[in-house]
Amino acid sequence: MVLKVSDLSVQRGRGLALDHVSFALPAGSLTALVGPNGAGKSTLLQAIEGQLPLTSGAIAIDGHPHTSAEARRQRALMPQRGEIAWTFPIRVRELVALGRLTSQRAGCCDVEAALQRVGLASLADRRLDQLSGGQQQRALLARTLVQPARLLLLDEPCAAIDPPTRTELLRVMRQLSDAGLTLLVSSHDWGQDLDAYDRVLVLDRRLLADDTPLKVRQALGDLRVGNHCCG
Amino acid sequence: MEPLWWLSPFLLALMVGALCPIAGTLLLVQRRLFLANLVSHAVLPGLAVALALGLDPGLGGVLSGVGGAALAERFSRGERPGQVGDDAVLNTVLAGFLGLGVLLIPLLRIRLNLEAVLFGDLLAAAPTDLGRSALALLAMLLLLGLRYRQLVHLGVDPLGAASAGLPVRTLRLLLTLVTAFTIVSAMTAVGVVLVIGLMGAPALLALPGSFSLRQALGRAALIGTGLSGAGFVLAVQPAVNLPPGPLIGVLCLGLLPMASWRQQRSGND
Numbered sequence: 610m611v612l613k614v615s616d617l618s619v620q621r622g623r624g625l626a627l628d629h630v631s632f633a634l635p636a637g638s639l640t641a642l643v644g645p646n647g648a649g650k651s652t653l654l655q656a657i658e659g660q661l662p663l664t665s666g667a668i669a670i671d672g673h674p675h676t677s678a679e680a681r682r683q684r685a686l687m688p689q690r691g692e693i694a695w696t697f698p699i700r701v702r703e704l705v706a707l708g709r710l711t712s713q714r715a716g717c718c719d720v721e722a723a724l725q726r727v728g729l730a731s732l733a734d735r736r737l738d739q740l741s742g743g744q745q746q747r748a749l750l751a752r753t754l755v756q757p758a759r760l761l762l763l764d765e766p767c768a769a770i771d772p773p774t775r776t777e778l779l780r781v782m783r784q785l786s787d788a789g790l791t792l793l794v795s796s797h798d799w800g801q802d803l804d805a806y807d808r809v810l811v812l813d814r815r816l817l818a819d820d821t822p823l824k825v826r827q828a829l830g831d832l833r834v835g836n837h838c839c840g
Numbered sequence: 002m003e004p005l006w007w008l009s010p011f012l013l014a015l016m017v018g019a020l021c022p023i024a025g026t027l028l029l030v031q032r033r034l035f036l037a038n039l040v041s042h043a044v045l046p047g048l049a050v051a052l053a054l055g056l057d058p059g060l061g062g063v064l065s066g067v068g069g070a071a072l073a074e075r076f077s078r079g080e081r082p083g084q085v086g087d088d089a090v091l092n093t094v095l096a097g098f099l100g101l102g103v104l105l106i107p108l109l110r111i112r113l114n115l116e117a118v119l120f121g122d123l124l125a126a127a128p129t130d131l132g133r134s135a136l137a138l139l140a141m142l143l144l145l146g147l148r149y150r151q152l153v154h155l156g157v158d159p160l161g162a163a164s165a166g167l168p169v170r171t172l173r174l175l176l177t178l179v180t181a182f183t184i185v186s187a188m189t190a191v192g193v194v195l196v197i198g199l200m201g202a203p204a205l206l207a208l209p210g211s212f213s214l215r216q217a218l219g220r221a222a223l224i225g226t227g228l229s230g231a232g233f234v235l236a237v238q239p240a241v242n243l244p245p246g247p248l249i250g251v252l253c254l255g256l257l258p259m260a261s262w263r264q265q266r267s268g269n270d
């Protein structure tokens with residue numbers, strides 16, 4: 610297993626943001642992490658990133674404790690749009706190259722190959738703020754690809770982009786998982802796009818479902834009756 | 002009057018004119034320009050104590066400025082600047098340190114020209130002021146030379162920088178140190194209050210349309226040097242005869258419409 614989360618609880622403020630969550634992701638899997646606002650999706654990604662103290666439980670990446678140097682090398686995070694300073698004076702190529710800043714080891718692509726892979730090669734010398742929202746998301750994904758990681762954590766990469774760009778991003782993600790990378794993708798999307806994933810984890814502080822898209826959709830119907838999740 | 006009386010003040014104006022906008026641009030892209038305002042006021046207690054102890058006032062000012070910034074960071078509510086409540090913390094620390102400085106002057110019975118500290122006295126520039134500014138410029142160039150890409154990463158994506166294992170706290174501390182050093186070195190030229198104009202205004206004009214941080218820093222330094230030099234030359238004209246520091250501060254205002262125009266133009270690219 611590339612990622613193994615065992616009985617994980619994380620406290621934020623007075624309450625538990627994550628409550629005894631367990632799951633494991635095999636190599637080459639493309640997994641969606643869905644749940645309503647405040648369900649703990651970003652908290653889970655931040656915990657895997659080692660940015661939050663664990664109240665209980667454990668996280669292992671490729672068998673290494675998640676805070677170890679080896680685990681850090683094996684994972685890469687594509688943050689939410691709101692975390693990025695889009696008006697920062699930087700060319701697309703320079704942004705992508707930042708992914709190699711802390712490691713001498715190559716990722717699955719070098720800078721040029723990553724730009725090609727996400728379809729931004731012709732825009733590499735543009736300023737970041739000259740790109741559309743979807744292009745900016747693809748630039749961030751390219752930066753994630755140049756990191757020498759086997760586990761990619763993508764925090765709402767499809768937020769605020771149009772349907773064609775979303776389809777294109779999902780296609781790139783599928784290519785990456787087919788190439789052996791493991792992707793955990795948080796999303797607000799409960800619609801047909803879920804079918805693009807191998808597995809779906811439904812989180813609402815606790816793990817409510819962990820199954821194929823079809824089975825999770827069936828389970829979601831039951832959950833909606835119980836008013837647990839927003840649609 | 003000596004024929005070259007103007008040389009030291011003019012050189013100081015040019016040097017500070019380059020240095021302050023570089024520091025300001027770095028802070029602005031890190032979304033931490035508030036630090037300039039805070040540190041500029043927080044240097045005062047350190048200046049007073051250093052003078053009372055017979056030490057270099059610049060050293061006391063730097064330590065006190067960094068102390069004020071560290072205190073504000075300690076009590077700010079979140080990791081990211083600009084969260085609710087942060088402004089109140091910053092203003093409280095700023096006022097507290099300024100008040101402490103004003104109180105220490107009579108308490109320690111030191112002679113300090115508070116007006117010159119706050120608003121500058123460029124015409125009184127001495128070789129020690131030039132040396133201090135040169136050292137601050139050197140510290141800034143060292144920081145940029147050794148940590149440029151890390152600062153870029155931290156500016157574009159602070160969360161990603163932390164996640165990638167960059168020494169975020171160290172980088173921020175270094176930036177605060179160099180900011181405090183910059184402000185203290187600009188004290189004679191424009192004073193610790195007016196320095197914030199020289200840090201912010203050229204950065205606002207330099208950033209729109211820049212393709213890299215390096216380019217923005219270069220542009221800001223050029224704009225600041227031109228502004229500061231022109232302010233000095235204008236101030237010492239017999240027909241004008243005004244204190245250069247405040248005049249440079251006023252000239253900074255003139256950059257705002259230009260910055261706004263460039264921002265719109267850049268947005269239309």
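Chains A and B, in that order, give the protein sequences.
Its first residue numbered 610, the first sequence is counted upward by one per residue in our numbering.
Its first residue numbered 2, the second sequence is counted upward by one per residue in our numbering.
Ideal Cβ positions, reconstructed from N, Cα and C, are used throughout, including at glycine.
Shown here, residue 634 of chain A sits in a strand according to DSSP, grouped into three states.
By the Cβ-count criterion, residue 679 of chain A is exposed, with fewer than 16 other Cβ atoms from all chains shown falling within 10 Å of its own Cβ. CA-to-CA, the gap between residue 206 of chain B and residue 27 of chain B works out to about 14 Å.
Assigned with DSSP and collapsed to three states, residue 610 of chain A falls in coil, not helix or strand. Under the Cβ distance rule, residue 261 of chain B does not count among the residues neighbouring chain A, no pair being separated by less than 8 Å.
Distance check between residue 123 of chain B and each of B:173, B:32, B:11 and B:240 places B:11 closest, using alpha-carbon atoms only.
Residue 203 of chain B places its beta carbon less than 8 Å from that of residue 22 of chain B.
Among the residues of chain B, those whose CB is under 7 Å from the CB of residue 681 of chain A are 166, following chain order. At a beta-carbon threshold of 8 Å, the residues of chain A lying near residue 216 of chain B are 698, ordered along the chain. Taking residue 39 of chain B as the centre and dropping the five residues before and after it, the same chain places the C-beta of 69, 70, 73, 91, 94 and 95 closer than 7 Å to its C-beta, in chain order. The C-beta of residue 157 of chain B comes closer than 8 Å to at least one C-beta of chain A. Assignment of beta strand (DSSP E) within the region 200-247 of chain B, counting only whole runs of 3 or more residues, yields no such run.
Interface residue (Cβ-Cβ distance to chain A less than 8 Å): residue 146 of chain B is not classified as such.
Residues are counted here when their Cβ sits less than 7 Å from a Cβ of chain B; for the region 660-689 of chain A these are 660, 681, 686 and 688, given in chain order. Boundaries for residue 110 of chain B: no beta strand (DSSP E) harbours it, and the DSSP string shows neither H nor E there. It is roughly 11 Å from the alpha-carbon of residue 617 of chain A to the alpha-carbon of residue 669 of chain A. Annotation for residue 697 of chain A: 737 place their beta carbon closer than 7 Å to its own, counting only its chain and skipping 5 residues before and after.
In this model, residue 635 of chain A and residue 611 of chain A are separated by some 6 Å (Cα to Cα). When Cβ-Cβ separations below 8 Å define contact, residue 161 of chain B makes contact with chain A. Within chain A, the C-beta atoms nearer than 8 Å to that of residue 154 of chain B come from 707 and 710, in chain order. For a cut-off of 8 Å, the C-beta gap from residue 793 of chain A to residue 747 of chain A is around 19 Å, too long to register as a contact.
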